[in-house]
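Engineer: Before we start, here is the structure in question, set down as structure tokens.
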Amino acid sequence: MEAADARYPSVDPAKGHYESFYLKAGDAASRTAVWLRYTVHKRPGQAPVGSLWATLFDDEGPHAAKVTEPPERLASGDGAGGRGGAPSATEGGAGRGSAPTWLHIGDARIGADGAHGEVPDLASWELRFDGGETAFPYLPRGWMYTAPLPRTKALSLLPAVHVHGTVTVRGRTVTLDGWPGMVGHNWGAEHAERWIWLHGTAFEQRPDAWLDVILGRIKVGGWTTPWIANGCLSLDGVRHRLGGIGRARRTRVEERPHRAELWLPGDDLTVRVEVSAPPRDVVGWLYSDPAGPQHHTAHCAIADLRVRVSRRDQPPLELTVAGGGTYELGMREHDHGVPIEPFSDP
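All you need for the working numbering is the position in the sequence shown, starting with 1, plus 698.
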């Protein structure tokens, strides 16, 4: 199975599953960004359904839209309108060129070359991906992608990609002329008990550098693990892996819905991250586990990000970007103060 293959077609019909192909692209100078998700939600014993999610961040705050299609409108790979299998990501085109398609939801699609979609009366987008780098597996060992734990698996399919096209959400239209961003893929049987996603591009000091890290706390029986980070900082074309189970004791996290401070040890460096956003720039979404429990998710794709890098035998390096960071916090509590969008999941 290829990294970009949808996983839901191979899930036991009696079991639950969720899956997401997602993209983020932003223009830090104008504090504008888009965050789009193509998701699959399958309750145990039921057919999977697909949903399209769209959020536009600008100076008027987040603008959000979502639609869920019936099971017959979901298809993987180069299928259309059905529930076919998951062909290899190296196989043929999607009817829009030769690049492979990863997922269809109704008439919408996302694939290696771009994405298009529509939420009737609320949102539409037509996007093309340019460049990018080889995929980055957040989990450091291949066997972790087939092991029972962690229950969420994730890949950065297109790190440091550039995005072109237009996005309209609730009457607000933006043109993307090579905005830096990323495209990711995650899936699993249930969400982590608590999670964070951090992403940063367009740093003032090193425009080609990027940060992409996921952190999670997993519930095992009646015990919840400490924070475990997995990700990397790319500097001068070199990827420095951060986190891992063996570094959980040295990973420190102080998180709130609008800001966080993190200490992330790596293979050959350590980073301290400060991320923050005004409350008006944070969108709240409802995420459901396949078996039923729900999380609230606070997300900002125009956050301010400061990364302090400590390396042996080298002076400290500071990377900053205003309006170019992504910060997402998934949580159980409902008293966080972030308004939740009026869309169910699925």
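No residue lacks a Cβ here, since even glycine has one placed at the ideal position from N, Cα and C.
Tell me which same chain residues have a C-beta within less than 6 Å of the C-beta of A989, skipping the five on either side of it?
Structural biologist: By 1-based counting over the sequence shown, the position of residue 989 is 291. Around A989: G714.
Engineer: Given that a residue counts as buried once 16 or more other Cβ atoms are within 10 Å of its Cβ, and exposed if not, what is T730?
Structural biologist: Working through the sequence shown from its first residue, we reach residue 730 at position 32. Buried is the call here.
Engineer: Quick one: Cα of V738 to Cα of P905, how far?
Structural biologist: Here the question's residue 738 lines up with position 40 in the sequence shown. Here the question's residue 905 lines up with position 207 in the sequence shown. Their backbone Cα atoms lie some 34 Å apart in a straight line.
Engineer: Out of curiosity, what's the CA-to-CA distance linking E1031 and T995?
Structural biologist: Start at 1 with the first residue of the sequence shown, and residue 1031 comes out as number 333. Start at 1 with the first residue of the sequence shown, and residue 995 comes out as number 297. Each residue's alpha carbon lies about 10 Å from the other.
Engineer: So L909 packs on G882, CB below 8 Å; how close in whole Å?
Structural biologist: Locating residue 909 in the sequence shown gives position 211, counting from the first residue. Locating residue 882 in the sequence shown gives position 184, counting from the first residue. Not confirmed; about 14 Å, so no contact.
Engineer: Buried or exposed: which applies to D725, given that a residue is buried once 16 or more other Cβ atoms fall within 10 Å of its Cβ?
Structural biologist: Looking up residue 725 in the sequence shown gives position 27. Answer is buried; the Cβ neighbour count reaches 16.
Engineer: How do the stretch 997 to 1007 and the stretch 1020 to 1027 stand: do at least 3 beta-carbon pairs fall below 8 Å, yes or no?
Structural biologist: yes
Engineer: Return helix, strand or coil for R868, following the three-state DSSP convention.
Structural biologist: Against the sequence shown, residue 868 aligns to sequence position 170. Three-state DSSP puts R868 in coil, outside helix and strand.
Engineer: Ends of the beta strand (DSSP E) at D819?
Structural biologist: By one-based count along the sequence shown, residue 819 stands at place 121. That residue, D819, is in no beta strand (DSSP E); it is neither H nor E in DSSP.
Engineer: Should I916 and L896 be called a contact, given that it needs their Cβ atoms to be closer than 9 Å?
Structural biologist: As a first step, residue 916 must be located in the sequence shown, where it is residue number 218. As a first step, residue 896 must be located in the sequence shown, where it is residue number 198. Against a cut-off of 9 Å, the Cβ pair of L896 and I916 comes out as no contact.
Engineer: Any heavy atom of the ligand HEM inside 8 Å of the beta-carbon of W893?
Structural biologist: As for the ligand HEM, it is missing from this structure, which has no ligand bound.
Engineer: To the nearest angstrom, how far is it from the Cα of A704 to the Cα of W800?
Structural biologist: Residue mapping note: residue 704 aligns to position 6 of the sequence shown, counting from 1. Residue mapping note: residue 800 aligns to position 102 of the sequence shown, counting from 1. Distance between the alpha carbons of A704 and W800 is about 7 Å.
Engineer: Are the stretch 826 to 837 and the stretch 854 to 870 in contact at 8 Å, needing three or more beta carbon pairs?
Structural biologist: yes
Engineer: Taking the straight line between their C-alpha atoms, what separation do you get for R794 and N884?
Structural biologist: The count along the sequence shown starts at 1 and reaches residue 794 at position 96. The count along the sequence shown starts at 1 and reaches residue 884 at position 186. With a pLDDT of 42 at R794, under the threshold of 50, the modelled position of that residue is not reliable, and no figure is offered here.
Engineer: May I have a chain-ordered list of the beta strand (DSSP E) segments no shorter than 3 residues that lie completely inside the stretch 920 to 994?
Structural biologist: 926 to 933, 936 to 941, 950 to 954, 957 to 963, 967 to 974, 981 to 986
Engineer: Taking just the CA atoms, how far does W823 sit from G863?
Structural biologist: Numbered from 1 along the sequence shown, position 165 holds the residue referred to as residue 863. Numbered from 1 along the sequence shown, position 125 holds the residue referred to as residue 823. Roughly 8 Å separates the two Cα atoms.
Engineer: Taking buried to mean at least 16 other C-beta atoms within 10 Å of its own C-beta, is W921 buried or exposed?
Structural biologist: For this step, residue 921 is matched to residue 223 along the sequence shown. Result: exposed.
Engineer: Just the C-alpha distance for Y843 and A900, rounded to the nearest angstrom, thanks.
Structural biologist: The residue labelled residue 843 in the question sits at position 145 within the sequence shown. The residue labelled residue 900 in the question sits at position 202 within the sequence shown. About 30 Å.
Engineer: Which value, in whole angstroms, describes the spacing of the CA atoms of G783 and D776?
Structural biologist: Locating residue 783 in the sequence shown gives position 85, counting from the first residue. Locating residue 776 in the sequence shown gives position 78, counting from the first residue. With a pLDDT of 32 at G783, under the threshold of 50, the modelled position of this residue cannot be trusted; read the value that follows with caution. If you take the alpha carbons of G783 and D776, they lie about 9 Å apart.
Engineer: Identify the residues that DSSP records as bridge partners of H802: which are they?
Structural biologist: By one-based count along the sequence shown, residue 802 stands at place 104. BP columns for H802 point to A773, R807.
Engineer: Exposed or buried, which one is P848 when buried takes at least 16 other CB atoms within 10 Å?
Structural biologist: Taking the first residue of the sequence shown as position 1, residue 848 is located at position 150. Counting Cβ neighbours within 10 Å, P848 comes out buried, since at least 16 surround it.
Engineer: Measuring alpha carbon to alpha carbon, tell me which residue in P838, S932, A813, V980 is nearest D828.
Structural biologist: On the sequence shown, residue 828 is found 130 positions in, with the first residue counted as 1. Ranking P838, S932, A813, V980 by Cα distance to D828 puts A813 first.
Engineer: Does the beta-carbon distance from V732 to L874 come in below 9 Å?
Structural biologist: Here the question's residue 732 lines up with position 34 in the sequence shown. Here the question's residue 874 lines up with position 176 in the sequence shown. The answer is yes: Cβ separation under 9 Å.
Engineer: What's the C-alpha gap between R735 and R1009?
Structural biologist: Counting from 1 along the sequence shown, the entry for residue 735 is found at position 37. Counting from 1 along the sequence shown, the entry for residue 1009 is found at position 311. Each residue's alpha carbon lies about 36 Å from the other.
Engineer: Evaluate contact between the stretch 961 to 975 and the stretch 939 to 946, counting only Cβ atoms and requiring at least three cross-stretch pairs below 8 Å.
Structural biologist: Pairwise C-beta distances place the stretch 961 to 975 in contact with the stretch 939 to 946, as three or more of them are shorter than 8 Å.
Engineer: Within 10 angstroms of the Cβ of P924, are there 16 or more other Cβ atoms? Answer buried if so, exposed if not.
Structural biologist: Start at 1 with the first residue of the sequence shown, and residue 924 comes out as number 226. So P924 counts as exposed.
Engineer: List the whole-angstrom C-beta distance separating R868 from L820, where the pair is believed to meet the contact cut-off of C-beta under 8 Å.
Structural biologist: To locate residue 868, count along the sequence shown from 1; it is residue 170. To locate residue 820, count along the sequence shown from 1; it is residue 122. Contact holds; Cβ gap of about 6 Å.
Engineer: Output the residue ranges of the beta strand (DSSP E) runs that lie fully inside the stretch 866 to 914 and measure 3 residues or longer, sorted by chain position.
Structural biologist: Runs of the beta strand (DSSP E) lying entirely within the stretch 866 to 914 and spanning at least 3 residues, in chain order: 870 to 886, 892 to 898.
Engineer: Label M1029 either buried or exposed according to how many other C-beta atoms from any shown protein chain fall within 10 Å of its C-beta, with 16 as the threshold for buried.
Structural biologist: Along the sequence shown, read from residue 1 onward, the residue named residue 1029 stands at position 331. Its Cβ being crowded by 16 or more others within 10 Å, M1029 is buried.
Engineer: Less than 8 Å between the CB atoms is what I'm expecting for A762 and T753, so what's the real figure, rounded?
Structural biologist: Along the sequence shown, one-based indexing puts residue 762 at 64. Along the sequence shown, one-based indexing puts residue 753 at 55. Right, their Cβ atoms sit about 5 Å apart.
Engineer: What did DSSP end up calling S718 once you bin it into helix, strand or coil?
Structural biologist: Working through the sequence shown from its first residue, we reach residue 718 at position 20. Three-state result, S718: strand.
Engineer: Go through its chain and collect everything with a Cβ distance to A806's Cβ below 8 Å, but skip five positions before and after it.
Structural biologist: Within the sequence shown, the letter at position 108 stands for residue 806. So the qualifying residues of the chain are Y736, L750, A813, H814, G815, E816.
Engineer: Give the straight-line distance between the Cα atoms of L721 and V971, rounded to the nearest whole angstrom.
Structural biologist: The count along the sequence shown starts at 1 and reaches residue 721 at position 23. The count along the sequence shown starts at 1 and reaches residue 971 at position 273. For L721 and V971, the distance between alpha carbons rounds to 22 Å.
Engineer: Does the distance from the C-beta atom of V969 to that of L1027 stay below 9 Å?
Structural biologist: Here the question's residue 969 lines up with position 271 in the sequence shown. Here the question's residue 1027 lines up with position 329 in the sequence shown. It is not a contact, given that the beta carbons lie outside the stated cut-off.
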